[in-house]
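Numbering (UniProt numbering), first residue to last: 1 to 212. One structure is given here, and the rest of the page talks about it.
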């Protein structure tokens, strides 16, 4: 049994939960962080001295933190060879795109764009900063658009860990009120993700509680 600490509206938690759902693993999740609190006490400090989410404990094993590390752990322990290849070169290709997605898409969207649009009062928003962040993000999304022109998923025609790291921000990207460059291959890819039950359950989650 997996025990997970982290609120369902956290994008990092959503990536983790989507992976858990795809792998069909049993879990118990506790809402902590943001308005739920629970990260300031000694008990949570013992789980993660950074006091950040998510945290995962697999049975009696030591708690794990940092989303990417947790995802790789789950993939290594529970996934099949298609999702997380055993072959070093094939696995590194998946890992390369997973890391690219985290560094360029997730980090390029969540704070620079999503927070400025959704978690900032309308009167305090900086349209120029938002526009610049969207432009920078779409320069990276153009790489994915070109990649997806030749394959159904980010690394070939099979769903992998790279798609978790890339795709978990796309629900919010397509939902919020920002200009978006036409990207037909990205749109088709997103449609494929929305057909996945675990994506609908764990990623297509209301973020109303984050609005200000």
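Every residue, glycine too, gets a C-beta built ideally from N, C-alpha and C. Quick caveat: nothing in here was measured; it's all calculated off a predicted structure.
Contacting residues, own chain, Cβ-Cβ under 6 Å from residue i (five flanking each side not counted)
{"i": "residue 104", "result": "140"}
{"i": "residue 120", "result": "none"}
{"i": "residue 153", "result": "159 and 163"}
{"i": "residue 29", "result": "4"}
{"i": "residue 100", "result": "none"}
{"i": "residue 63", "result": "47, 55 and 57"}
{"i": "residue 128", "result": "none"}
{"i": "residue 27", "result": "2, 4 and 20"}
CB-CB length for residue i against residue j, believed under 8 Å
{"i": "residue 117", "j": "residue 176", "result": "5 Å"}
{"i": "residue 74", "j": "residue 19", "result": "6 Å"}
{"i": "residue 70", "j": "residue 54", "result": "7 Å"}
{"i": "residue 205", "j": "residue 14", "result": "7 Å"}
{"i": "residue 56", "j": "residue 25", "result": "Wrong, their Cβ atoms sit about 10 Å apart, outside the cutoff."}
Helix, strand or coil at residue i [DSSP, three-state]
{"i": "residue 5", "result": "strand"}
{"i": "residue 107", "result": "helix"}
{"i": "residue 83", "result": "coil"}
{"i": "residue 29", "result": "strand"}
{"i": "residue 212", "result": "coil"}
{"i": "residue 20", "result": "helix"}
{"i": "residue 95", "result": "helix"}
{"i": "residue 13", "result": "helix"}
{"i": "residue 55", "result": "strand"}
Minimum Cβ-Cβ distance from residue i to chain B less than 9 Å
{"i": "residue 84", "result": "This model lacks chain B altogether; it includes just one protein chain."}
Proximity of residue i and residue j at Cβ, strictly below 9 Å
{"i": "residue 79", "j": "residue 161", "result": "yes"}
{"i": "residue 76", "j": "residue 65", "result": "no"}
{"i": "residue 214", "j": "residue 178", "result": "This structure does not reach residue 214, given that the chain is present from 1 up to 212, and the question cannot be answered."}
{"i": "residue 2", "j": "residue 87", "result": "no"}
{"i": "residue 137", "j": "residue 113", "result": "yes"}
{"i": "residue 148", "j": "residue 170", "result": "no"}
{"i": "residue 115", "j": "residue 165", "result": "no"}
{"i": "residue 9", "j": "residue 207", "result": "yes"}
{"i": "residue 185", "j": "residue 146", "result": "yes"}
{"i": "residue 198", "j": "residue 21", "result": "yes"}
{"i": "residue 167", "j": "residue 203", "result": "yes"}
{"i": "residue 209", "j": "residue 91", "result": "no"}
{"i": "residue 110", "j": "residue 183", "result": "no"}
Close beta carbons around residue i, own chain, < 8 Å, minus the five adjacent residues each side
{"i": "residue 32", "result": "5, 6, 7, 38, 39, 44 and 53"}
{"i": "residue 125", "result": "116 and 117"}
Same chain, Cβ closer than 7 Å to residue i, five either side skipped, listed in chain order
{"i": "residue 23", "result": "74, 78 and 79"}
{"i": "residue 151", "result": "157"}
{"i": "residue 201", "result": "21"}
{"i": "residue 102", "result": "68 and 165"}
Quick one: which unbroken alpha helix (DSSP H) runs of 4-plus residues sit fully inside the region 131 to 184? Chain order, please. 161 to 167 and 170 to 175
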